[in-house]
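Notes follow the structure.
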Amino acid sequence: MKENFKKVVVKSQDELIDIVRNISNIDGKKILVTFTEGSEILISSINLKVILDTVDEKKALLVLQILNNPTGIRNAKIAGITVIDTPTNPTKEVWLNAQTDYNARFSIDKKILPEKYKSANITSFEDRVNSVLRKNRKNRKKDGMVNTSTPGDTDIVIDQDINMTKDDQTEPEQRNLTKKDFKDIPDPIKQKPKKKFSLPKLSLPKLFKKKEKPSNKINPITGNLPQRKGIDKGDLKNKLIKLIPKLIIPLFSVLLLVAFLYYKFAPYVKVTIPIQSKPVEVEKIFTGNENINEIDFESLEIPIKTESATKSVSDTVDATGVAYRGDKATGSVTISYINPEGCTDADEAVSVYVGHQTETDGKKYLLTGDLTITCNSYGTVGVEAIEVGEEYNIPSGKYFSINGFDATKVYAVNSAAFTGGSKETYTVLSQADVNTKIEELTEIATEESVNSLDEASGEWKIIENTVKSKVTEGSINTAVAIGTETSSSDISLEVVSTATYYYTHGVDEGLNTLLTEAALNQNLFENSEGIALTLTGDIDKELTVEESEGDIKIKLIASSSVEPSVNKEAIVNDLKGMSWEDGNEYINSLSFTSGNPSIEFIPTSFPQKLRHFPSRQGRVDVKIEKDTVENE
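Using the numbering used here, read the sequence shown as starting at 1 and increasing by one per residue.
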């Protein structure tokens, strides 16, 4: 059967007040508090007693689960708490033990009445009345004193030397009031006490009770109730003297405990220390040397090597070129040579030859024969279209200009239509197709060859500006010639890539030293004497290669950020247990700060004179706030 209980898990950083708060928020009658980690709360049974009191106030059962901590188990038993040391949930028997312990703490010494006197319905108010009667009866028997006051009179008589009759000394009859209807009991104020010789009476309740306002509560009970014992003034004074320490000492002890716990567990200090991260840069020129195995920062020499990789690639290119084929239109024209002003002996004959160009309406034709004509004469010659196509088939009666002659004097006319022109298109491999595919394959081959160089580098790194790639001369091949009719063609080529490497082992370590020294030499941090500096982030390196008279010069520019090295743990350990003044002086004396540190004490209501840096783990929080300065 599954146990219905609430579980509170205590972690190492939890404080007593955290556990009390968590338990107060729980709504359940069975509470399991589990300590799975080491906790300072277990070192004192007082802490565990506080937990028990908190659970008892909720009228719930408590079981502690403490693992691997014999001291904590012992303190739990001292505090009177049911405890288990196993990781499993408490069994039914464990909860029964917790119930037994709970009952033992809250047991009340009650006298059991005979069955015939028991009431079928005893209220809590009646139970309290009977309890008062029993206590009065016990006190009277103990002190042997006789109360001669009238029934219902609870005043104390300070005299025992008055002669009493036997009847007066008889103990009043005890009445069972458990079934009494209290509303019908007469008010004792209305009853007049018997006259007797006695000293002034001193009412004990009036010494301790404040004057109460009238209320609608049930009137005091009167009748044959047992009377309180009589005491004299000396006894009262002695009792008061004894009572005061019993009240004040526990109260003072509780206040001291609360004050100690508050002083011990409440303080929390947050310290924010600002530091600056500043950029630093160095520039060195190294000489590349293929005969050394490690970088030399003193001689400024660096190992280098040159490698090459060849990659062959091939692919299919789609032909997109367009060509035409067909027949050219043919016909004949009559060329006339007319001088509007009349012919003279000075007019020379006009001669045209095969291939001479003539044109009409933007269409060009070539003469297929030779012709010579004189002024005011004409001649006929054949023509052929300059290109194939039906558009060169034209009707008769078209005027033509003759290339190189004045069209007002020399011109031609076709007496018959031109015919025979036809055209069809087809796809060929063009030069543009080949060039596009060569560019694409070259890029692929270059990337693959460079990757091959990079994969084989190991502790060598390529100097980027030394990578060069080119197509091997004569390696470009196509399956068909350019201009040939085809839908596609295979094409292949070869690319060779070369690169210069530098040896990287030991470079970052050496640059770290160079950058740190540069920061100190440049006095980036004022009053930096004795301050340890450290690089922040990666080292950015830029290398360029130049060849001069056969020597390879490598220009190395390295940059990073540098900041003071701060050991937070050491600062926290130094602050633990310090007084408030000493701790503030210690923090403000740190030489690597870039501004005024921030120190915050929580709670702010904590007395100023009692403030200190707590020694408990986790109660002093040091935060390093970095401010990066950019390059100007």
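Glycine included, C-beta positions come from ideal geometry on N, C-alpha and C. Being a predicted model, the structure only gives us computed values, none of them experimental.
Assigned with DSSP and collapsed to three states, G483 falls in coil, not helix or strand. Counting C-beta atoms within 10 angstroms of its own C-beta, E509 has fewer than 16 neighbours from the protein chains shown and is therefore classed as exposed.
N89 has its alpha-carbon roughly 17 Å from the corresponding atom of A60.
T436: not part of any beta strand (DSSP E); member of the alpha helix (DSSP H) spanning 431 to 455, first to last residue.
Assignment of L96 by DSSP, reduced to helix, strand and coil, places it in the helix class.
P564 counts as buried, since at least 16 other C-beta atoms from the protein chains shown sit within 10 angstroms of its C-beta. Annotation: the segment 222 to 294 contains the following complete segments of the beta strand (DSSP E) (minimum length 3 residues), in chain order: 268 to 289. In this structure, S489 and V317 form a Cβ contact; the two beta carbons are roughly 6 Å apart against a cut-off of 8 Å. Going by beta carbons, K398 and N376 fall outside the 8 Å limit. Within the same chain, Cβ atoms closer than 8 Å to the Cβ of N293 are found at P303, Y503, the five residues on either side in sequence being excluded. At the C-beta level, S422 and V388 come within 8 Å of one another. Along the segment 24 to 109, the beta strand (DSSP E) occurs as fully enclosed runs of 3 or more residues at 30 to 35, 61 to 66, 82 to 84, listed in sequence order. Residue environment analysis places R619 among the buried positions, since at least 16 neighbouring C-beta atoms fall within 10 angstroms of its C-beta. Residues V317, I491 of the same chain have their beta carbon placed closer than 6 Å to that of K437, with the five preceding and five following residues left out of the count. For G331, the enclosing beta strand (DSSP E) starts and ends at 330 to 337. Assignment of R21 by DSSP, reduced to helix, strand and coil, places it in the helix class. Here L511 carries a helix assignment [DSSP, helix/strand/coil]. Across the set K568, T34, T446, H612, the C-alpha of K568 shows the shortest separation from the C-alpha of K623.
As the crow flies, the alpha-carbon of Y102 is around 29 Å from that of Y262.
Between the segment 269 to 279 and the segment 600 to 614, the count of Cβ pairs shorter than 8 Å is three or higher; the stretches touch. Comparing alpha-carbon positions, the option among L243, T368, P395 lying closest to D361 turns out to be P395.
Excluding sequence positions up to five before and after I81, its CB lies within less than 7 Å of the CB of L48, L52, L62, L64, all in the same chain and listed in chain order.
In the structure shown, E546 falls within a strand segment according to DSSP collapsed to helix, strand and coil. With contact defined as three or more Cβ pairs closer than 8 Å, the segment 342 to 353 and the segment 442 to 459 are not in contact. In the DSSP assignment, E384 falls within the beta strand (DSSP E) that extends over 377 to 385.
Look at the beta carbons and you see the segment 66 to 73 touching the segment 19 to 38: at least three pairs across the two are nearer than 8 Å.
For I587, the enclosing alpha helix (DSSP H) stretches over residues 580 to 588. The secondary-structure analysis by DSSP pairs P303 across a beta bridge with N289. Between the C-alpha atoms of I571 and P597 there is a straight-line separation of about 13 Å. Put simply, of F606, S560, F613 the residue whose alpha carbon is nearest the alpha carbon of Y586 is F613.
For E569, the uninterrupted alpha helix (DSSP H) run begins and ends at 568 to 575, by DSSP. In this structure, G72 and L42 form a Cβ contact; the two beta carbons are roughly 3 Å apart against a cut-off of 8 Å. The C-beta distance from A79 to S45 rounds to 5 Å, short enough to meet the 8 Å contact threshold. The residues T310, L493, E494, V495, V496, in chain order, have a CB closer than 8 Å to that of T472 in the same chain once the five nearest residues on each side in sequence are set aside. In this structure E546 touches K553 by the C-beta definition: roughly 5 Å separates them, less than 8 Å. Pairing T330 with F418 gives a Cβ-Cβ distance under 8 Å.
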